[in-house]
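If you count the sequence shown from 1, position 324 lands on 305 in my numbering, and the numbers rise without skipping.
Below: one structure, written as structure tokens.
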Amino acid sequence: MSNNSFINAQQQVESACQILNTEPAVFEILKDVERMIEINIPVKMDDGSVKSFKAFRAAHNTTLGPAKGGIRIHPSVTYDDVKALSIWMTFKCAVTGTPYGGGKGGIVADPTTMSDNELEQLARGYVRGIYKYLGEKIDVPAPDVGCSAQMISWMVDEYCQLSGKQEIGTFTGKPVEYGGSLGRKESTGFGISIIGRQVAKKFDIHFENATLAVQGFGNVGSHAVKYFEQLGAKVQAVMEWHPDGLFAIYREEGFTYDELEENRGKFKEMENVKILAPEDFWSLDVDIMVPAALANAIDERVAKLVKANIVLEGANGPVTTEGDAVFKDRGITVVPDILTNSGGVIVSYYEWAQNVQGFYWTEKEVLERQEQSMIQAFDEIWDTKEKHDVTFREAAYLNSIQKVANTMKLQGRLS
């Protein structure tokens, strides 16, 4: 077992292949990426110096369609992280029937310390380094942690100039004014709430009375809170990062989305809240725990603290392999990231389809289509879970790997 995300992803694939008893070629093809690009991006900083930033782009598997995946900009991004995230994207797309393969990008930088001028150079430089391997039918990036819609706009402009093609569907997560889809910003958080409601039904938890704790109040966590509230659930605690370290706020009667949004960045100053250390947050007696920040948040130690019956993986890879094993031993249900947070890639596909067709949908149409897709995916995975008597994560991998393997066979890539 390892805290290396790439090794964890490979172990998950291998385990599913063993349960399905696939031919060896399936794991051999899926255990690593088809393509990995590493570049250096020179940026002239505002102080006149030139700094070089390392960046990556991985395409894991394109059996089901063009590679698809966000660009993560963070100081801790690694080569292996990008490969792991691209693997998870392959199966996230397959689970929901989205006709994409897995891709992922990463830039080793701290965007919070950079000016708009520096970020624009970083964005355009990233595209210059990899544009020959991008395209509406080749590889379709999107924003992830640290990458804004404005940065994607610069990337689209750079790509169109370099390629000589007006193919704005090469990137998703664009501002609505630049071909983005209505509902995209809300999609991941909205999807988490839908999966939370569906799994609660299976465990006879009335979602209107359910209690939740959410780690992270970024785009994903905040919109999850918004839709949890709309569905009647009670968010009692939110953990957030502060320059002084991690902390959480707790209130037994719960929080509203509006008050949290109004106090974003100053949770500690809110009235009638209890400040919790991370350990006390994880050990809260709630029905559902939602890690919606970064990877590896719940390791073996943290998993032993959790009292919730259900863990919804809002982030990518928030539970380590060791943490997963603890949850399995304790009978705690983990609904995996490749299903729980798949709303983002579903609506990214809708954005791509709207760009290619030049025909745009209302927000209501987008979210209704997303909800239908996620409920169907949830039901399929639940049936797989019951049929094979496996965990939710194992069922999600069984379901998706079977789809990819069947398609590879039809393509003649397997005997």
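For glycine and all other residues, C-beta sits at the position ideal for the given N, C-alpha and C.
- In this structure, Thr79 sits near Ile327, with a CB-CB distance shorter than 8 Å.
- Taking C-beta atoms under 8 Å as the contact rule, Val307 and Ala284 qualify, at a distance of about 4 Å.
- Measuring C-alpha to C-alpha distances from Val195 to each of Gly86, Leu275 and Ala40 identifies Leu275 as the nearest.
- DSSP lists Ala218 and Lys255 as the bridge partner or partners of Tyr231.
- Taking the Cα positions, Ile52 is about 5 Å away from Gly87.
- With fewer than 16 other CB atoms across the displayed protein chains lying within 10 angstroms of its CB, Gly339 is exposed.
- When beta bridges are read from the DSSP output, Gln196 appears opposite Met220 and Pro272.
- Residue nearest to Gly202 within the set Ser96, Phe188 and Trp222 is Trp222 (criterion: CA-CA distance).
- Residue state for Met17 is assigned as strand, using DSSP reduced to three classes.
- Annotated three-state conformation of Ile22 is strand, per DSSP.
- C-alpha of Glu242 to C-alpha of Gln217: approximately 15 Å in a straight line.
- Contact between the segment 98 to 108 and the segment 56 to 63 is absent: fewer than 3 CB-CB pairs across the two stretches fall below 8 Å.
- If you draw a 10 Å sphere on the C-beta of Arg178, you find 16 or more other C-beta atoms in it, and that means buried.
- Taking every protein chain shown into account, the CB of Val31 has fewer than 16 other CB atoms within 10 angstroms, so this residue is exposed.
- Counting only residues of its own chain and dropping the five nearest sequence neighbours on each side, Val292 has a CB closer than 8 Å to the CB of Ile269, Met270, Val271, Pro272, Ile279, Val300, Phe308, Ile313, Thr314, Val315 and Val316.
- Considered as a whole, the segment 78 to 116 harbours 82 to 88 as its complete beta strand (DSSP E) runs of no fewer than 3 residues, in chain order.
- Residue environment: Val337 is assigned as exposed (fewer than 16 neighbouring CB atoms within 10 Å of its CB, all protein chains considered).
- Counting C-beta atoms within 10 angstroms of its own C-beta, Phe184 has fewer than 16 neighbours from the protein chains shown and is therefore classed as exposed.
- In this structure, Ile133 is the residue among Leu115, Ile133 and Gly84 with its C-alpha nearest to the C-alpha of Glu101.
- Lys166: member of the alpha helix (DSSP H) spanning Arg165 to Lys183, first to last residue.
- Within the same chain, and ignoring the five residues on either side of Cys(-2) in sequence, the residues whose Cβ sits closer than 6 Å to its Cβ are Val7 and Phe8.
- DSSP, reduced to helix, strand and coil, places Val292 within a strand of the structure shown.
- Of Lys113, Ile119, Ser162 and Gln131, the smallest CA-CA separation from Ser144 is found for Lys113.
- The three-state reading of DSSP puts Ala48 in strand, counting E and B together.
- With 16 or more other CB atoms across the displayed protein chains lying within 10 angstroms of its CB, Ser354 is buried.
- Counted as a single uninterrupted DSSP element, the alpha helix (DSSP H) harbouring Ser354 occupies residues Glu344 to His369.
- For Lys35, the uninterrupted beta strand (DSSP E) run begins and ends at Val31 to Asn42, by DSSP.
- The Cβ atoms of Arg232 and Lys255 lie closer than 8 Å to each other.
- Counting along the chain, Val316 sits inside the beta strand (DSSP E) bounded by residues Thr314 to Val316.
- Taking C-beta atoms under 8 Å as the contact rule, Ser168 and Gln351 qualify, at a distance of about 6 Å.
- Looking from the CA of Ile(-12), the closest CA among Lys64, Glu349, Asp27 and Leu379 belongs to Lys64.
- In this structure Ser67 touches Gly83 by the C-beta definition: roughly 5 Å separates them, less than 8 Å.
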